[in-house]
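J.: Numbering (my numbering), first residue to last: 39 to 720. Glycine residues also receive a C-beta, built at the ideal position from the N, C-alpha and C atoms.
In structure tokens:
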């Protein structure tokens, strides 16, 4: 196209004049000057863009058919790309022009240098521009298809064609390609029986392992890379398949791409994080799939996900018994595991002078959760039409703020539900049927997290220390913007930030045992942790479980009938702030789940006495510990080494991966009827 533009000789002389904020374009035809009336001037274009993109963000793939004077191209290309479903994905933009002759004069007054250099923007020029785009849809299948066409030049559309017909034709072609790929996959896996793979594992042979993840979630992307590195340390061959393939942030992987990679690479094992095989139509039934449950996501915590687990599906992570008993997951094919850390990437090392100067500070905090709780609430309430719902949300929010202002401990689901019910009674308006739990989830996962985090950061800011905040949006925070230091690159900056900060901060609304904390400790960083009753209660769970094991108590009823157990249960209820007998979770199951995970769910049981040294509850406790540890580097180093030792011994990806392969091998041997499961798989 560039060469065609360079070589183009226009059919006549063009005349351009600016008048009243508009560009007047005309063409000389002999002695006459013929005005070229635009389909949409800048004012009309602004109206179109506002109607199609009311939030002033480019949130979906669009094709603009026809160039006119280029104002619509300019306006849409200038919108900030923002995919609400996949943050970080930049939806592509398709631009079609009927002739070089139409495009050539517009390039003389539209400044499109940035637009033409943007890899997410595609141009199709010529009388066959529609056919070009139709071919592109099939050949570049990772680029999302346009779901909306804005037509400036109707003559570009061949008779009887529309965006719907293009999508239908492309869908049919890709369906045929998928059918051929499935046939090729069947041929590639002929003979790949459970017995054959179990034999390969038993002999310790090199496996091909494919990890599927998304580049549009930083956490899962780097967790997958670290997990695959653990397999590589064991001598296995790995490959990562990621949305935004080859680092192109306008692309999205699809089932056909998954199928083609599986056929070509022929993995012996596919590994996923927070997703399962049934969500990927491109993974054949022949290959074992291991899903790591790392977060309580709705796509996994439901009966459909449990029912979708087939004989070659395996799980690992926390919550084995809970997922098995409540949602039907296969208990015998679920391996308990902690969160993993890459002990090769996160390792103590000297800082360069540049790193020390750039990242050195008293306290640092890394998180994208920069939006204040009141703004989150406002955005949620802005879509509500009835006054009663707004009163319920505002009243619940006010009660949560009051609770924390008065020094209250972290709010769990029962406590939030209680505050919601109190608000409902006060305003005389009830939550709609079936909405109580979803609304509680919103307040727990979004509002509560923001209140806890931002309250703690405000405490630190008030101390007048050198505080660094890394992540998106902190520069817009009404109180904390002056602490913002931009986004930390996970691959390059993270370890340096951990090590250069004299104190790192871990604050969550649901417990401290999180990937960021484990990675930071593995790197040799010192952390202060906001105390949580959910972290502290693990000690009581362990005490109660030990008692149940000693006295052969094996049920909720027997446990609650035991006088000794009753005393510990009372302590648990007092700590959490609600009666465990009143919630729909069986306390005995909770104990079993914690024991099944080797009590790695709560910070107080993971680090015992060290947790008491670094945990703080109040503003005053935080101030005292910040003052103490800033003045005591040797004390920081001693505690850090003690906590790091636990992480390395129990959480390395290499060790978890070795156990997983043994676990899968033992289960496959059982399927084949070869032998009983190995001890390591039990």
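For residue 66, which three-state DSSP category applies?
T.: Taking the chain shown and counting its residues from 1, the one referred to as residue 66 is at position 28. It is a strand residue.
J.: Go to residue 705, then tell me how far its alpha helix (DSSP H) extends in each direction, as first and last residue.
T.: In the chain shown, residue 705 corresponds to position 667, counting from 1. It spans 691 to 710 - the alpha helix (DSSP H) in which residue 705 sits, taken as one unbroken run.
J.: State the beta-bridge partners of residue 175 as determined by DSSP.
T.: Taking the first residue of the chain shown as position 1, residue 175 is located at position 137. DSSP lists no partner for residue 175.
J.: Do residue 300 and residue 329 have their beta-carbon atoms positioned less than 7 Å apart in this structure?
T.: As a position in the chain shown, residue 329 is number 291, starting the count at 1. As a position in the chain shown, residue 300 is number 262, starting the count at 1. No; because the gap between Cβ atoms is not below 7 Å, this pair is not in contact.
J.: Closer than 8 Å is the cut-off here; do at least three beta carbon pairs connect the stretch 344 to 351 with the stretch 616 to 625?
T.: At 8 Å Cβ cutoff, the stretches do not touch.
J.: Do the stretch 323 to 338 and the stretch 217 to 233 touch if we need at least three Cβ pairs shorter than 8 Å?
T.: yes
J.: At which residue ranges does the stretch 412 to 455 contain complete beta strand (DSSP E) runs of 3 or more residues, listed in the order of the chain?
T.: none
J.: What is the DSSP secondary structure of residue 250, counted as helix, strand or coil?
T.: In the chain shown, the residue the question calls residue 250 occupies position 212. Strand.
J.: Cutting at 8 Å between CB atoms, please list the residues of its own chain near residue 195, excluding the five before and the five after it.
T.: Numbered from its first residue, the chain shown carries residue 195 at position 157. Excluding residues within five positions, the ones whose Cβ falls inside 8 Å are 103, 168 and 189.
J.: Report, in whole angstroms, the separation of the C-beta atoms of residue 537 and residue 561, which I expect to be a contact under 8 Å.
T.: Position 499 of the chain shown, counted from the first residue, corresponds to residue 537. Position 523 of the chain shown, counted from the first residue, corresponds to residue 561. About 6 Å; that satisfies the 8 Å criterion.
J.: Grouping DSSP H, G and I as helix and E and B as strand, with all else coil, what is residue 43?
T.: Residue 43 sits at position 5 when you count from the first residue of the chain shown. Reduced to three states, the DSSP call for residue 43 is helix.
J.: Helix, strand or coil for residue 567, going by three-state DSSP, please let me know.
T.: Here residue 567 refers to the residue found at position 529 when the chain shown is read from its first residue. In this structure, residue 567 counts as strand in the three-state DSSP scheme.
J.: Run the CB neighbour count on residue 539, radius 10 Å, all protein chains shown included, and call it buried at 16 or more, exposed below.
T.: Taking the first residue of the chain shown as 1, we reach residue 539 at position 501. Buried, because 16 or more other Cβ atoms sit within 10 Å of the Cβ of residue 539.
J.: Residue 101 and residue 201 look like a contact to me (Cβ under 8 Å); what is the Cβ gap, rounded to whole Å?
T.: Taking the first residue of the chain shown as position 1, residue 101 is located at position 63. Taking the first residue of the chain shown as position 1, residue 201 is located at position 163. Cβ atoms of residue 101 and residue 201 come within 8 Å of each other, at about 7 Å.
J.: Round the Cβ separation of residue 566 and residue 535 to the nearest angstrom and send it over; I've been treating them as touching at under 8 Å.
T.: Position 528 of the chain shown holds residue 566. Position 497 of the chain shown holds residue 535. No, residue 566 and residue 535 are not in contact; Cβ-Cβ is about 15 Å, not under 8 Å.
J.: Would you mind giving the Cβ-Cβ distance between residue 207 and residue 172, rounded to the nearest angstrom? I have them listed as a contact below 8 Å.
T.: Numbered from its first residue, the chain shown carries residue 207 at position 169. Numbered from its first residue, the chain shown carries residue 172 at position 134. Correct: roughly 6 Å between the Cβ atoms.
J.: Which two residues bound the contiguous beta strand (DSSP E) that contains residue 302?
T.: Working through the chain shown from its first residue, we reach residue 302 at position 264. Run containing residue 302: none in the beta strand (DSSP E); it sits in the alpha helix (DSSP H), 293 to 303.
J.: Pull up the CB-CB distance for residue 97 and residue 77, whole angstroms please, since I reckon it's below 8 Å.
T.: For this step, residue 97 is matched to residue 59 along the chain shown. For this step, residue 77 is matched to residue 39 along the chain shown. Incorrect: roughly 24 Å between the Cβ atoms, too far for contact.
J.: From the DSSP output, read off the bridge partner residues of residue 355.
T.: Along the chain shown, read from residue 1 onward, the residue named residue 355 stands at position 317. Residue 355 pairs with 331 and 374.
J.: Can you give me the Cβ contacts of residue 175 inside the same chain, cut-off strictly under 7 Å, excluding the 5 residues immediately before and after it?
T.: Your numbering for residue 175 matches position 137 in the chain shown. 183, 204 and 208, listed in sequence order.
J.: Secondary structure at residue 400, three-state DSSP: helix, strand or coil?
T.: Along the chain shown, read from residue 1 onward, the residue named residue 400 stands at position 362. If DSSP states are grouped into helix, strand and coil, residue 400 belongs with the strands.
J.: Using alpha carbons as the reference points, say which of 81, 67, 163 and 232 lies closest to residue 703.
T.: Indexing the chain shown from 1 puts residue 703 at position 665. The shortest Cα separation from residue 703 among 81, 67, 163 and 232 belongs to 232.
J.: Output yes or no for whether 7 Å exceeds the beta carbon distance between residue 254 and residue 441.
T.: For the purposes of this step, residue 254 is taken as residue 216 along the chain shown, with counting starting at 1. For the purposes of this step, residue 441 is taken as residue 403 along the chain shown, with counting starting at 1. For residue 254 and residue 441, no; Cβs fall outside 7 Å.
J.: Quick one: give me the first and last residue of the beta strand (DSSP E) that residue 135 is part of.
T.: Taking the chain shown and counting its residues from 1, one reaches residue 135 at position 97. Segment 131 to 135, the beta strand (DSSP E) holding residue 135.
J.: Using the DSSP secondary-structure output, state which residues sit across from residue 506 in a beta bridge.
T.: Counting from 1 along the chain shown, the entry for residue 506 is found at position 468. Here residue 506 is bridged, per DSSP, to 402.
J.: Over the uninterrupted beta strand (DSSP E) stretch that includes residue 542, give me the two end residues.
T.: In the chain shown, the residue the question calls residue 542 occupies position 504. Run containing residue 542: 539 to 544, per the beta strand (DSSP E) assignment.
J.: State the CB to CB distance for the pair residue 515 and residue 408, rounded to an integer number of angstroms; the pair is presumed to be in contact (CB under 8 Å).
T.: For the purposes of this step, residue 515 is identified with residue 477 of the chain shown, where counting begins at 1. For the purposes of this step, residue 408 is identified with residue 370 of the chain shown, where counting begins at 1. Yes, they are in contact, since the Cβ atoms of residue 515 and residue 408 sit about 6 Å apart, within 8 Å.
J.: According to the Cβ coordinates, are residue 610 and residue 578 closer than 7 Å?
T.: As a first step, residue 610 must be located in the chain shown, where it is residue number 572. As a first step, residue 578 must be located in the chain shown, where it is residue number 540. The answer is yes: Cβ separation under 7 Å.
J.: According to the neighbour-count rule (16 or more other Cβ atoms, all chains shown, within 10 Å of its Cβ), is residue 805 buried or exposed?
T.: Since the first and last residues shown for the chain are 39 and 720, residue 805 lies out of range.
J.: Report all residues from its chain with a CB closer than 7 Å to the CB of residue 745; omit the five preceding and five following residues, and keep chain order.
T.: No statement about residue 745 is possible, as the shown extent of the chain runs from 39 to 720 and does not include it.
J.: What does DSSP give as the partner residue(s) for residue 280 in the beta ladder?
T.: Residue 280 sits at position 242 when you count from the first residue of the chain shown. According to DSSP, which records beta bridges pairwise, residue 280 is partnered with 251.
J.: In the DSSP assignment, find the unbroken alpha helix (DSSP H) run with residue 525 in it and report its ends.
T.: Numbered from 1 along the chain shown, position 487 holds the residue referred to as residue 525. Premise fails: residue 525 is in no alpha helix (DSSP H) and is neither H nor E.
J.: Any idea what DSSP makes of residue 228, helix, strand or coil?
T.: As a position in the chain shown, residue 228 is number 190, starting the count at 1. Residue state, collapsed to three classes: coil.
J.: Suppose the cutoff is 8 Å on Cβ atoms and the five residues either side in sequence are ignored; what does the same chain contact list for residue 317 look like?
T.: On the chain shown, residue 317 is found 279 positions in, with the first residue counted as 1. 337, listed in sequence order.
J.: Considering only their Cβ atoms, is the gap separating residue 132 from residue 91 smaller than 7 Å?
T.: Translated into positions along the chain shown, residue 91 becomes position 53. Translated into positions along the chain shown, residue 132 becomes position 94. No; because the gap between Cβ atoms is not below 7 Å, this pair is not in contact.
J.: Please return the same chain residues whose Cβ sits closer than 7 Å to the Cβ of residue 550, not counting the five positions on each side in sequence.
T.: In the chain shown, residue 550 corresponds to position 512, counting from 1. 544, 567, 570, 573 and 641.
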